[in-house]
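Step one of this worksheet: look at the structure below.
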Amino acid sequence: MYKAQQEIEERKRQLGLAAAAQTLTGVTAQPAPTAKNVALRPQEAQMFIQASMNKKNRVDELKAKLAKATSTINSLVRPNAPVMAPLPDIPPGILKEREEEYEEELLEFMDPRISARPAERKKKMFNFHEKGEFEQLANKQRAVAKLERLQAEISQAAKSTGISSAVKLAMITPAGKSSDDVPDIEWWDSIVLESDSGFSFSSTFCRCMFSYDAIPDTSVETRFKDTISELVEHPIKLKPPTDPMTPQYLKVYLTSKERKKIRRQNRKEMQKERTEMIRIGLAKAPAPKVKISNLMRVLGSDAVQDPTKMEAHVRKQMADRLKKHQQANAERKLTDEQKAAKKTKKIAEDTSLAVHVAVYRVKSLLHPAKKFKVEMNAKQLQMTGVILLHKNINLVVVEGGPKQQKFYKNLMLNRIKWEDEVIGQKKDADKDAPGERNSCQLIWEGQVKRRNFRDFSVVTATIEKQARDLLEKHNVAHYWDVAYSTTVLLDGQDATPI
1 MYKAQQEIEE
11 RKRQLGLAAA
21 AQTLTGVTAQ
31 PAPTAKNVAL
41 RPQEAQMFIQ
51 ASMNKKNRVD
61 ELKAKLAKAT
71 STINSLVRPN
81 APVMAPLPDI
91 PPGILKEREE
101 EYEEELLEFM
111 DPRISARPAE
121 RKKKMFNFHE
131 KGEFEQLANK
141 QRAVAKLERL
151 QAEISQAAKS
161 TGISSAVKLA
171 MITPAGKSSD
181 DVPDIEWWDS
191 IVLESDSGFS
201 FSSTFCRCMF
211 SYDAIPDTSV
221 ETRFKDTISE
231 LVEHPIKLKP
241 PTDPMTPQYL
251 KVYLTSKERK
261 KIRRQNRKEM
271 QKERTEMIRI
281 GLAKAPAPKV
291 KISNLMRVLG
301 SDAVQDPTKM
311 EAHVRKQMAD
321 RLKKHQQANA
331 ERKLTDEQKA
341 AKKTKKIAED
351 TSLAVHVAVY
361 RVKSLLHPAK
371 KFKVEMNAKQ
381 LQMTGVILLH
391 KNINLVVVEG
401 GPKQQKFYKN
411 LMLNRIKWED
421 EVIGQKKDAD
431 KDAPGERNSC
441 QLIWEGQVKR
451 RNFRDFSVVT
461 ATIEKQARDL
471 LEKHNVAHYW
481 DVAYSTTVLL
491 DGQDATPI
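Just so we're aligned, residue 1 is where the sequence shown starts under the numbering used here, counting upward by one.
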């Protein structure tokens, strides 16, 4: 191999020297021989082919040795191991989720009681208090003191009035501390399990002497074999009590364009019938409609001969037509009784299925104009109820339909400006005037089965016991309890903190 390469290099040098000699002797320069135009001798060509074949054989031998060595290593490590495919590019979001799952798996084997101390001591940092931190702490202490004072006031008020439901509504108890320990069995299950199994249970700490594991695991068919069967029961469908007796359909209203079209068609048909009656002689043709503007065109020569007489005749026809028109309008006009019946029908609502009730609490109803609005609007809307006047609580109870309640609610909460009045004055005061402002609140609204009042009235009570007895006659004493408990709470909130 080496000898062949030396002969090739010697041949190249000889060819280069021959070309240089021709250039020095002045002979016409010819192109230098290249690999394309130089013909090799048969021995040189055979040496080139032999060199390339030896190189290819050498590469094949190296590949075979490398494959053999690789297969030996794989057989030693894991004979049946599959060739691992290249790993795909994992998105950063999935990689983060896998890291979190790996951390959660590690937490199962960690003991939280063992704290790993850092290698170095932590640096001591400044601990600054944020602005308002101590103010919040003081406000919490004031709130606790306020709650204690409210409970004392509520208990005293309950003793004086003799109501217990208001105390239950108004009593404020602090939330108890929840225990982090998970009991073996919950207290609501203990009542059933104690009676069935006979185990003892301590209701003080909501703990028992057994757990859910002690309950025998039986199938549903075994536990309820007396009540479950293969038969399918189809219960009778009952009509909901709030559905109307007759089906209610939505009214369909025509557009203005459709109404004009129908009116035009009806008038055309009437005019066609009138013309046909005149044509066959069953009706007399109407007199020409004469006006001052068409006097000369309609009457012609008669108007020229006696214009004064024709003008009087035309004016008389005009007056007759106006009188006929006004008389027709008067006949179509509703009477006072019909107007009242129409208005009553529009306001009245069907309350046979359910009655809507609303209870309002007003601080003061001493203002005569506002008291008149509250009373008169309820009567005009045909609502029933009562206005209960008391020195500290003014209760307004109204019963009616949904549309009536919507109108009256807007009156009480939006239209009447209660805040413009200072309690104790009969006229509206300025915004900056000193004194306690009046207010109105909706305490409760809902539905009841039937009305508890026959009409709307105004009642005055001097003491709380008398007010509650008045409502007790109508079976609505709980309205007073709700209003009274709300008043006690609001008065306690308005008080200055300790």
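Heads up, the beta-carbon is just placed ideally off N, CA and C, and yes, glycines get one too.
Because the structure is a prediction, the values reported are computed rather than measured.
Rounded separation between valine 397 and alanine 348 - CA only: The residue labelled residue 397 in the question sits at position 397 within the sequence shown. The residue labelled residue 348 in the question sits at position 348 within the sequence shown. Answer to the nearest angstrom: the Cα atoms are 18 Å apart.
Between the CA atoms of threonine 487 and threonine 496 - distance to the nearest angstrom: On the sequence shown, residue 496 is found 496 positions in, with the first residue counted as 1. On the sequence shown, residue 487 is found 487 positions in, with the first residue counted as 1. Here the model assigns threonine 496 a pLDDT of 37, short of 50, so the residue's position is not dependable, and the following value carries that caveat. Cα-Cα distance, rounded: 16 Å.
In angstroms, rounded to a whole number, what distance separates the CA positions of phenylalanine 407 and asparagine 414? Counted from its first residue, the sequence shown places residue 407 at position 407. Counted from its first residue, the sequence shown places residue 414 at position 414. Cα-Cα distance, rounded: 10 Å.
So threonine 384 is in the alpha helix (DSSP H); what residue range does that whole segment cover? Along the sequence shown, one-based indexing puts residue 384 at 384. It is not in any alpha helix (DSSP H) - threonine 384 instead sits in the beta strand (DSSP E) that spans 384-389.
Identify which residue in Ala467, Val448, Met412 and Glu421 has its Cα closest to the Cα of glycine 435. Counted from its first residue, the sequence shown places residue 435 at position 435. Among Ala467, Val448, Met412 and Glu421, the Cα nearest to that of glycine 435 belongs to Glu421.
Assuming contact is defined by CB atoms lying nearer than 8 Å, are methionine 310 and leucine 295 in contact in what I supplied? On the sequence shown, position 310 is the one that residue 310 refers to. On the sequence shown, position 295 is the one that residue 295 refers to. Yes.
Does the region 323-338 come close enough to the region 367-375 that 3 or more CB-CB pairs lie under 8 Å? no
Pull up the distance between the alpha-carbon of alanine 152 and that of glutamate 135, whole angstroms please. In the sequence shown, the residue the question calls residue 152 occupies position 152. In the sequence shown, the residue the question calls residue 135 occupies position 135. The straight-line gap from Cα to Cα measures roughly 26 Å.
Within 10 Å of its beta-carbon, does alanine 51 have 16 or more other beta-carbons around it, so buried, or fewer, so exposed? Position 51 of the sequence shown, counted from the start, is the residue given in the question as residue 51. By the 10 Å Cβ count, alanine 51 comes out exposed.
For my contact list, valine 359 and isoleucine 443 are in at a C-beta cut-off of 8 Å; report their separation, rounded to the angstrom. Stepping through the sequence shown from its first residue, residue 359 is reached at position 359. Stepping through the sequence shown from its first residue, residue 443 is reached at position 443. Sure, about 5 Å apart at Cβ, within 8 Å.
Using a Cβ-Cβ cut-off of 7 Å (strictly less than) and excluding sequence neighbours within five positions of histidine 474, which residues of its own chain qualify? To locate residue 474, count along the sequence shown from 1; it is residue 474. Asn452 and Phe453, listed in sequence order.
N- and C-terminal bounds of the beta strand (DSSP E) containing serine 457: If you number the sequence shown from 1, residue 457 lands on position 457. 456-460 is the span of the beta strand (DSSP E), which, as asked, contains serine 457.
Determine which residues share a DSSP beta bridge with histidine 356 and list them. Residue numbering aside, residue 356 sits at position 356 when the sequence shown is read from its first letter. Bridge partners of histidine 356: Gly400 and Gln447.
Go ahead and label serine 115 buried or exposed: buried means 16 or more other beta carbons lie within 10 angstroms of its beta carbon, across all protein chains shown. Taking the sequence shown and counting its residues from 1, the one referred to as residue 115 is at position 115. By the neighbour-count rule (16 or more Cβ atoms within 10 Å), serine 115 is not buried but exposed.
For leucine 381, collect the residues of the same chain with a Cβ closer than 8 Å to its Cβ; drop the 5 residues on either side in sequence, then sort them by chain order. Numbered from 1 along the sequence shown, position 381 holds the residue referred to as residue 381. Ile347, Gly400, Gln404, Phe407 and Tyr408.
Considering only the beta carbon of each residue, do arginine 450 and valine 355 sit closer than 8 Å? Taking the first residue of the sequence shown as 1, we reach residue 450 at position 450. Taking the first residue of the sequence shown as 1, we reach residue 355 at position 355. The answer is yes: Cβ separation under 8 Å.
For histidine 390 and alanine 341, which I take to be in contact (beta-carbon distance under 8 Å), what is that distance rounded to the nearest angstrom? Here residue 390 is taken as the residue at index 390 of the sequence shown, counted from 1. Here residue 341 is taken as the residue at index 341 of the sequence shown, counted from 1. About 38 Å; that fails the 8 Å criterion.
Other residues of its chain near glutamate 276: CB distance less than 6 Å, five sequence neighbours each side excluded: Numbered from 1 along the sequence shown, position 276 holds the residue referred to as residue 276. Closer than 6 Å at Cβ, skipping near neighbours: no residue.
Assign methionine 383 to one of two classes, buried (16 or more other C-beta atoms within 10 Å of its C-beta) or exposed (fewer than that). Counting from one through the sequence shown, the residue named residue 383 turns up at place 383. So methionine 383 ends up on the buried side.
Rounded separation between glycine 281 and valine 304 - CA only: Counting from one through the sequence shown, the residue named residue 281 turns up at place 281. Counting from one through the sequence shown, the residue named residue 304 turns up at place 304. About 32 Å.
Classify asparagine 377 as helix, strand or coil using the three-state DSSP reduction. The residue labelled residue 377 in the question sits at position 377 within the sequence shown. Helix at asparagine 377.
Within 8 Å, strictly: CB atoms of leucine 470 and leucine 388: The count along the sequence shown starts at 1 and reaches residue 470 at position 470. The count along the sequence shown starts at 1 and reaches residue 388 at position 388. It is a contact, given that the beta carbons lie within the stated cut-off.
Just to check my reading of the structure: valine 357 and serine 457 have Cβ atoms closer than 8 Å, yes? What is that Cβ distance to the nearest angstrom? Working through the sequence shown from its first residue, we reach residue 357 at position 357. Working through the sequence shown from its first residue, we reach residue 457 at position 457. The pair is not a contact, with the Cβ atoms about 16 Å apart (cut-off 8 Å).
For alanine 143 and aspartate 455, I'd like the C-alpha separation in whole angstroms. Working through the sequence shown from its first residue, we reach residue 143 at position 143. Working through the sequence shown from its first residue, we reach residue 455 at position 455. Between alanine 143 and aspartate 455, the C-alpha separation is close to 44 Å.
So methionine 277 is in the alpha helix (DSSP H); what residue range does that whole segment cover? The sequence position of residue 277 within the sequence shown is 277, counting from 1. From DSSP, the alpha helix (DSSP H) with methionine 277 extends over 256-280.
Just checking my contact of arginine 437 with glutamate 419 at CB under 8 Å: how many whole Å lie between their CB atoms? Against the sequence shown, residue 437 aligns to sequence position 437. Against the sequence shown, residue 419 aligns to sequence position 419. Indeed, because the Cβ distance is near 5 Å, the residues count as touching under 8 Å.
Identify whether leucine 238 lies in helix, strand or coil by the three-state DSSP scheme. As a first step, residue 238 must be located in the sequence shown, where it is residue number 238. Correct three-state label for leucine 238: coil.
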